[in-house]
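When the letters of the sequence shown are read in order and numbered with full-length UniProt numbering, they come out as residues 1 to 354.
Just so you know, even glycine gets a beta-carbon here, dropped at the ideal spot from N, CA and C.
On a predicted model such as this, the values are computed, not experimentally measured, just so you know.
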Amino acid sequence: MIFTYEKPFAFVDVETTGGVIGQDRLTEIAVIRYDGKEVSTYQTLINPTCHISGFIENLTGISNEMVAKAPLFSEVAEEIRTLLDGHIFVAHNVRFDYSFIKSEFKRIGIDFKAPKLCTVKLSRRLYPAYERHGLDYLVQRHRLQITHRHRAYGDAHVLLQFWQLLNRQFDGAHLQQAVQELMSIPHLPEHIDPEEIESIPNRLGVYLLYGDNDRLLFVGKGNKLRQRVLSFFAKDRALPAEKSFSDRVMRVDYIECAGELDALLTEEKLIEQYKPEKNKPPKCRRIGELEQWPFRDYAVLPESNLKHVFWHWQYLGTAHDKEELNQTLSREKQDFSHEMYKILVRNMSRLVAL
Numbered sequence: 001m002i003f004t005y006e007k008p009f010a011f012v013d014v015e016t017t018g019g020v021i022g023q024d025r026l027t028e029i030a031v032i033r034y035d036g037k038e039v040s041t042y043q044t045l046i047n048p049t050c051h052i053s054g055f056i057e058n059l060t061g062i063s064n065e066m067v068a069k070a071p072l073f074s075e076v077a078e079e080i081r082t083l084l085d086g087h088i089f090v091a092h093n094v095r096f097d098y099s100f101i102k103s104e105f106k107r108i109g110i111d112f113k114a115p116k117l118c119t120v121k122l123s124r125r126l127y128p129a130y131e132r133h134g135l136d137y138l139v140q141r142h143r144l145q146i147t148h149r150h151r152a153y154g155d156a157h158v159l160l161q162f163w164q165l166l167n168r169q170f171d172g173a174h175l176q177q178a179v180q181e182l183m184s185i186p187h188l189p190e191h192i193d194p195e196e197i198e199s200i201p202n203r204l205g206v207y208l209l210y211g212d213n214d215r216l217l218f219v220g221k222g223n224k225l226r227q228r229v230l231s232f233f234a235k236d237r238a239l240p241a242e243k244s245f246s247d248r249v250m251r252v253d254y255i256e257c258a259g260e261l262d263a264l265l266t267e268e269k270l271i272e273q274y275k276p277e278k279n280k281p282p283k284c285r286r287i288g289e290l291e292q293w294p295f296r297d298y299a300v301l302p303e304s305n306l307k308h309v310f311w312h313w314q315y316l317g318t319a320h321d322k323e324e325l326n327q328t329l330s331r332e333k334q335d336f337s338h339e340m341y342k343i344l345v346r347n348m349s350r351l352v353a354l
């Protein structure tokens, strides 16, 4: 069986002035369209209207002089949108290329959307024995041909070669299943845009689910935020109707955290402050069972470059520097929290007197 194209592929690569989406700009784009037989190519430099650093110039070979007379993105946007329309957007680490192109379209008032396929994830799925799946590793491992690394057309053409290799090495049905599973979008509440979830980083932090009138419904913690949010919605969908509440979610927000302790404290602080409807209230415990505070006054729990400040089992806040520390120490003392107490007891060996 050969692979069946529900939509043709557009292998895309971009070069940029840096890695910050919304701040850095495109300097080059290449699109190679492929439907199993026909191949059409497009490439152009883009004037980013900002300076290209020496580091980026050395990496890509694209200089300020080269882009000075190149078209603005707005001047080629319609052509690029036409090229990508009706195609599956395929890229290596697709979130990077897709997000930059989406950001450029947004600057000129266009809401760009396309189905996406990541060749990093595809390589991991089909070659699980290998640890690394960066583009350089794919080139070496599969003996792919590349002319100009870190130039848009050269990198996009490697992806076309990789895809053609997969069609030779794997049965079409197996390849079809892998692609469909990677592209399948988990069921989300009707008010939630999948791209809103896609923009959540897969890093440690706290996520917040809001309902009508921006009322906080639930606060949770995750080591990989985006994955945890998707998992939450999937599990909620499996619950009986009277227990499920995902359809009430109107907005998702998140807070990245510096470490596990920072995430625990942030989660508990938000729960205590806003009392979200779907977070279970803590069980009561008699005061007589509490440990005695082992310090005369304040104590801190260091974590990375942070200091979590406590006073007699009460969490006062987190400080990044001396000024914030002084502000935290002057804050009004909080009511006793048994959940904060449990977090502290588990980390007693790390507490330092202030």
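Cβ-Cβ distance between Ala263 and Ser304 below 7 Å:
Translated into the one-based positions of the sequence shown, residue 263 becomes position 263. Translated into the one-based positions of the sequence shown, residue 304 becomes position 304. Not in contact: Ala263 and Ser304 (Cβ atoms no closer than 7 Å).
Could you check whether the segment 161-170 touches the segment 125-144, counting it as contact only if at least three pairs of C-beta atoms, one from each stretch, sit closer than 8 Å?
By the Cβ criterion, the segment 161-170 is in contact with the segment 125-144, since at least three pairs of Cβ atoms, one from each stretch, lie closer than 8 Å.
Count the other C-beta atoms from every protein chain shown that fall within 10 angstroms of the C-beta of Phe218, then say buried if there are 16 or more, exposed otherwise.
If you number the sequence shown from 1, residue 218 lands on position 218. Buried is the call here.
Tell me the DSSP bridge mates of Ala299?
As a first step, residue 299 is located in the sequence shown; it is residue number 299 there, counting from the start. In DSSP, Ala299 forms a bridge with Phe310 and Ala353.
Beta carbon proximity, Met1 to chain C, threshold 7 Å:
Given the protein chain composition of this structure (a single chain), no chain C is represented.
Which whole-angstrom value describes the C-beta separation of Ile32 and Phe11, a residue pair presumed to lie in contact below a C-beta threshold of 8 Å?
If you number the sequence shown from 1, residue 32 lands on position 32. If you number the sequence shown from 1, residue 11 lands on position 11. Contact holds; Cβ gap of about 4 Å.
Counting pairs of Cβ atoms below 8 Å between the segment 17-35 and the segment 170-181, do you hit three or more?
no
Could you pull out every residue in the same chain whose Cβ sits closer than 6 Å to the Cβ of Asn47, ignoring the five residues on either side in sequence?
Counting from one through the sequence shown, the residue named residue 47 turns up at place 47. So the list reads Val67, Ala70 and Leu72, once near-sequence residues are dropped.
Exposed or buried, which one is Leu306 when buried takes at least 16 other CB atoms within 10 Å?
Locating residue 306 in the sequence shown gives position 306, counting from the first residue. It is buried - the Cβ of Leu306 has at least 16 other Cβ atoms within 10 Å.
Please determine, among Pro294, Ile197 and Gly220, the residue with the shortest C-alpha to C-alpha distance to Arg350.
Walking along the sequence shown from the start, residue 350 turns up at place 350. Comparing Cα positions, the closest option is Pro294.
Note down, one range per segment and in chain order, each alpha helix (DSSP H) of at least 4 residues found wholly within the segment 211-283.
Listed in chain order, they are 225-237 and 260-274.
Could you tell me whether the segment 90-98 touches the segment 49-69, using the rule of 3 or more Cβ pairs below 8 Å?
No, the segment 90-98 is not in contact with the segment 49-69.
Check each candidate in Thr27, Phe233, Leu135 and Lys116 and name the one with the smallest Cα separation from Asp85.
The residue you call residue 85 lines up with position 85 of the sequence shown. It is Lys116 whose Cα lies nearest to the Cα of Asp85.
Could you tell me the alpha carbon to alpha carbon distance between His133 and Leu166, rounded to whole angstroms?
Taking the first residue of the sequence shown as position 1, residue 133 is located at position 133. Taking the first residue of the sequence shown as position 1, residue 166 is located at position 166. In this structure, the alpha-carbon of His133 lies about 14 Å from that of Leu166.
Is it the case that the Cβ atoms of Ile200 and Tyr254 are separated by a distance below 7 Å?
Walking along the sequence shown from the start, residue 200 turns up at place 200. Walking along the sequence shown from the start, residue 254 turns up at place 254. Closer than 7 Å, so yes.
What ranges does the beta strand (DSSP E) occupy inside the segment 67-119, keeping only unbroken runs of at least 3 residues that lie completely in it?
88-91 and 116-118
Could you give the first and the last residue of the continuous beta strand (DSSP E) run that contains Ile32?
Locating residue 32 in the sequence shown gives position 32, counting from the first residue. Element bounds for Ile32: Leu26 to Tyr34.
For Gly205, list the residues DSSP reports as bridge partners.
Counting from 1 along the sequence shown, the entry for residue 205 is found at position 205. Gly205 is bridged to Gly222 and Glu256.
Expressed to the nearest angstrom, what Euclidean distance is found between the alpha-carbon atoms of Arg248 and Arg237?
For the purposes of this step, residue 248 is taken as residue 248 along the sequence shown, with counting starting at 1. For the purposes of this step, residue 237 is taken as residue 237 along the sequence shown, with counting starting at 1. Distance between the alpha carbons of Arg248 and Arg237 is about 12 Å.
Near Phe336, which residues of its chain fall below 7 Å by C-beta distance, leaving aside the five closest residues on each side in sequence?
Counting from one through the sequence shown, the residue named residue 336 turns up at place 336. Same-chain partners within the cutoff: Trp313 and Gln314.
Mind checking who Asp13 pairs with in its DSSP beta bridge?
Translated into the one-based positions of the sequence shown, residue 13 becomes position 13. DSSP output for Asp13 lists Ala30 as bridge partner(s).
Which of helix, strand or coil does DSSP assign to Ile200?
Residue mapping note: residue 200 aligns to position 200 of the sequence shown, counting from 1. Ile200 falls in the coil class under three-state DSSP.
Selection from Thr266, Lys221, Gln180 and Thr119 that minimises the alpha carbon distance to Val158
To locate residue 158, count along the sequence shown from 1; it is residue 158. Closest by C-alpha distance to Val158, out of Thr266, Lys221, Gln180 and Thr119, is Thr119.
Hey, how far is the Cα of Arg81 from the Cα of Gly54?
Translated into the one-based positions of the sequence shown, residue 81 becomes position 81. Translated into the one-based positions of the sequence shown, residue 54 becomes position 54. For Arg81 and Gly54, the distance between alpha carbons rounds to 31 Å.
Using the C-alpha atoms, what's the distance from His51 back to Thr16?
In the sequence shown, the residue the question calls residue 16 occupies position 16. In the sequence shown, the residue the question calls residue 51 occupies position 51. Cα-Cα distance, rounded: 11 Å.
On the criterion of 16 or more Cβ atoms from any shown chain inside 10 Å, does Pro276 qualify as buried, or is it exposed?
For the purposes of this step, residue 276 is identified with residue 276 of the sequence shown, where counting begins at 1. It counts as buried.
Using three-state DSSP, classify residue 362 as helix, strand or coil.
Outside the displayed span of the chain (1 to 354) sits residue 362, for which this structure offers no information.
Tell me, please, which residues DSSP counts as bridged to Ser40.
To locate residue 40, count along the sequence shown from 1; it is residue 40. Answer is Arg33, bridged to Ser40.
Considering only C-alpha positions, which residue in the set Pro128, Ser123, His87 and Glu78 is nearest to Ile110?
In the sequence shown, the residue the question calls residue 110 occupies position 110. Of Pro128, Ser123, His87 and Glu78, the residue nearest in Cα terms is Glu78.
Excluding the 5 residues preceding and the 5 following Gly211 in the sequence, name in chain order all residues of the same chain whose CB lies nearer than 6 Å to its CB.
Locating residue 211 in the sequence shown gives position 211, where the first residue counts as 1. Leu217, Arg248 and Met250.
Between Gly205 and Leu230, is the Cβ-Cβ spacing less than 7 Å?
One-based indexing of the sequence shown puts residue 205 at position 205. One-based indexing of the sequence shown puts residue 230 at position 230. No, the pair does not count as a contact, with Cβ atoms beyond the cut-off.
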